[in-house]
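Here the structure is laid out as structure tokens; the discussion comes afterwards.
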Amino acid sequence: AQTVTQSQPEMSVQEAETVTLSCTYDTSENNYYLFWYKQPPSRQMILVIRQEAYKQQNATENRFSVNFQKAAKSFSLKISDSQLGDTAMYFCAFMKQGHSGNTGKLIFGQGTTLQVKP
Amino acid sequence: EAQVTQNPRYLITVTGKKLTVTCSQNMNHEYMSWYRQDPGLGLRQIYYSMNVEVTDKGDVPEGYKVSRKEKRNFPLILESPSPNQTSLYFCASSPIVLAGVHNEQFFGPGTRLTVL
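As structure tokens, this is what we get:
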């Protein structure tokens, strides 16, 4: 069974600085996706960034980038130039790829609450 | 506007009183799913559906039922709610493509349920 672990329950960062959120996962699958979701106080789940395991290049989306280390099963999120609107809970998630045995299930980590301070 | 809607958004009820949380999507997605979110546990899948009349259990199905009579709707039914079902519930949907369930799932706004 797959598991996702976020070992930082809470983090804080000053506005305009850079912060990195950690995520590790465990799987025997070779083909999968990894995601970071943002949940602001509105509770809406917002997809921040996704990574396909077969791609060696790290995904980037504007100020958000990941460090994907497949062998180490590590998937960290870096937020550059942090903004007050980045204050939220962030979830790391895993999803198996392909048709065989794929239930479409997202397996989430425990979440990291990020506070951006002015 | 493409979206997933859930109703109600907030609900306080008492133990044993049957309730239904509705979920509807307007994107013609085959795949729909329910999750519950609890502090320190993240989100966990309750049930999912690959298409009309095709449903299956996720990781935490006890105490819940679902149905998928129409493609757009996927209600979550708690026939006898208990306090341990107090949680934040999310519905999600996604198309099914050649590679399987698409990797972008669209989430509803969430339903905060309190069972006294």
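In order, the protein sequence lines correspond to chains P and R.
The working numbering numbers the first residue of the first sequence as 4 and each following residue consecutively.
The working numbering numbers the first residue of the second sequence as 241 and each following residue consecutively.
Note that beta-carbon positions come from the ideal geometry of N, C-alpha and C, so glycine has one too.
Worksheet item: With which residues is P/A4 paired in a DSSP beta bridge?
Response: As computed with DSSP, P/A4 is found in no beta bridge at all.
Item to complete: Flag R/G256 as yes if its beta-carbon sits less than 7 Å from any beta-carbon of chain P, otherwise no.
Response: Taking Cβ atoms only, chain P never reaches closer than 7 Å to R/G256, which makes this a no.
Discussion item. Between R/K305, R/F347, R/Y271 and R/M272, which has its C-alpha nearest R/Q325's C-alpha?
Written reply: Residue nearest to R/Q325 within the set R/K305, R/F347, R/Y271 and R/M272 is R/K305 (criterion: CA-CA distance).
Item to complete: To the nearest angstrom, report how far apart R/S320 and P/T63 are at their CA atoms.
Response: The straight-line gap separating the alpha-carbon atoms of R/S320 and P/T63 is approximately 45 Å.
Worksheet entry | is_contact[P/T106, chain R] using C-beta, thresh 7 Å | Yes, P/T106 lies at the interface with chain R (some Cβ there is under 7 Å from its Cβ).
Discussion item. Quick check on DSSP: helix, strand or coil for P/L89?
Written reply: The question names Leu, but residue 89 of chain P in the sequence shown is Asp. Three-state result, P/D89: helix.
Practice prompt. For R/L283, decide whether its Cβ has a neighbour in chain P, counting only Cβ atoms nearer than 7 Å.
Written response: Contact of R/L283 with chain P is assigned, a C-beta pair being separated by under 7 Å.
Fill in: Beta-carbon spacing of P/F94, P/I110 below 7 Å
No, Cβ-Cβ distance for P/F94 and P/I110 is not below 7 Å.
Worksheet entry | P/Q11 - DSSP class collapsed to helix/strand/coil | When DSSP states are grouped into helix, strand and coil, P/Q11 belongs to the coil group.
Worksheet entry | Boundaries (first-last residue) of the beta strand (DSSP E) holding R/Y329 | S327 to S334 is the extent of the beta strand (DSSP E) around R/Y329.
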